[in-house]
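Numbering-wise, the sequence shown is residues 4 to 142 according to this note's numbering.
Glycine is no exception: its CB is placed at the ideal position from the N, C-alpha and C atoms.
These numbers come from a predicted model, not from an experiment.
Everything below concerns the one structure shown next.
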Amino acid sequence: TKESVDIPMADGWQMACRVLKNPAFDGKRLPVAICHHGLTGHGRKLFWLAIPLAMRGFLVLLPDARGHGDSAKRLKHSRMDDWYITETTGIMPDYKRILDYACSRPDADTSRIVAIDLADDQLHRGSPWQIIMPRMSPE
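Next comes the structure, spelled out in structure tokens:
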């Protein structure tokens, strides 16, 4: 299943995010994979990675960062300083809120969470994902 959610950021701005999971795993707490796109991407560009993970039993979050994908439509509500890293804006405070959202879900196994950041929306040889994946299994 696919659902669209808005995740509140520390500064009150709402980040668009898609959540994917396999209905065959309904009622179970699932390991979480947060798949974050690169500079020119958006969450939908990572369906090639997210769908197989969801089919294997992961709860997959595909956030659209500020100015990207569905979050870009909200730019008229953004301020210039939203792009600077402060206590309430920027990649780290936003990632914390994404993680907080994931941990608030009753279908998330908070002891099994992996974050996957793809600089150009592709995996590369020797990427952290290739190291983490063998250790992460919904079984």
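For the alpha helix (DSSP H) containing residue i, list its first residue and its last residue.
i, result
"L52", "50–58"
"R115", "Per DSSP, R115 belongs to no alpha helix (DSSP H); it is in the beta strand (DSSP E), 111–120."
"R21", "That residue, R21, is in no alpha helix (DSSP H); its beta strand (DSSP E) goes 17–23."
"P96", "94–107"
May I ask which residues mark the beginning and end of the beta strand (DSSP E) holding residue i?
i, result
"M12", "Here M12 belongs to no beta strand (DSSP E), and DSSP marks it neither H nor E."
"A36", "33–39"
"A68", "Here A68 belongs to no beta strand (DSSP E), and DSSP marks it neither H nor E."
Which residues in the same chain have their Cβ closer than 6 angstroms to the Cβ of residue i, if we skip the five residues on either side of it in sequence?
i, result
"F28", "G60"
"R115", "P34"
"T113", "C106"
Spatial neighbours of residue i within its chain, please: C-beta separation below 8 angstroms, excluding the five flanking residues on both sides.
i, result
"C20", "S7, V8, D9, I10, G46, L64, L65, P66, D67, I101, Y104"
"A57", "L23, K24, N25, V63"
To the nearest whole angstrom, what separates the beta carbons of residue i and residue j, a pair I think is in contact under 8 angstroms?
i, j, result
"D110", "L52", "In fact, because the Cβ distance is near 20 angstroms, the residues do not count as touching under 8 angstroms."
"M12", "D97", "6 angstroms"
For residue i, I'd like the list of residues in its chain whose CB is within less than 7 angstroms of its CB, leaving aside the five on either flank, ordered along the chain.
i, result
"P131", "Any reading at P131 must be qualified, since the residue scores a pLDDT of 43, below 50, and its modelled position is unreliable; the value itself is stated next. Closer than 7 angstroms at Cβ, skipping near neighbours: no residue."
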